[in-house]
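Visitor: Residue numbers (my numbering): 5 to 125.
Submitted below is the structure of interest, expressed as structure tokens.
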Amino acid sequence: MEKRGFERVPTSFRARFMTDHCPDFAVVTNFSEKGMCLSTGYCLPCDNPIELLIPLKAEALKVLVRVRRLSKVDDFNYILGVELIDAPDEYIKFVINHRNVFNSLKGFQFNERFRVYNYDL
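This is the structure we're talking about:
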């Protein structure tokens, strides 16, 4: 039984947020229309909404999230599962575009060392 309402899309990009009036960042490791997984060196509060800034072409998209799951990886790193609060239409389009690209590349294997593309038939 699938517990998520939407398929998560694997990714790796930086999102910014404010902690104690100082900018910080997290790496988004996967995301969907309703949530995302963040890897960060900062333990974010679970009770307050947090504004994430997601980089788009010329500007940053602001989304409000709430921490739903927190895992401590080691003394310096945390994995956070966050839920979006009223995701804007631009964010939904961003996710759908990334999902379409990801799904179109599922058959490809990329070897970074030799820069060779293989396609599984």
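Ideal Cβ positions, reconstructed from N, Cα and C, are used throughout, including at glycine.
With a floor of 3 residues, list each beta strand (DSSP E) that falls wholly inside the region 15-45, ordered by position along the chain.
Guide: 26-35 and 39-44, all fully within the region 15-45.
Visitor: Less than 8 Å between the CB atoms is what I'm expecting for R20 and L57, so what's the real figure, rounded?
Guide: The Cβ separation is near 4 Å, so the contact holds.
Visitor: Looking only at its own chain, which residues have a Cβ that is under 6 Å from the Cβ of M22, when we skip the five neighbours before and after it?
Guide: Result list for M22: empty, nothing under 6 Å.
Visitor: Can you have a look at V105 and say buried or exposed, based on whether 16 or more other CB atoms are within 10 angstroms of its CB?
Guide: So V105 ends up on the exposed side.
Visitor: Have a look at the DSSP bridge pairing and note the partners of Y82.
Guide: Paired residues: T44 and K76.
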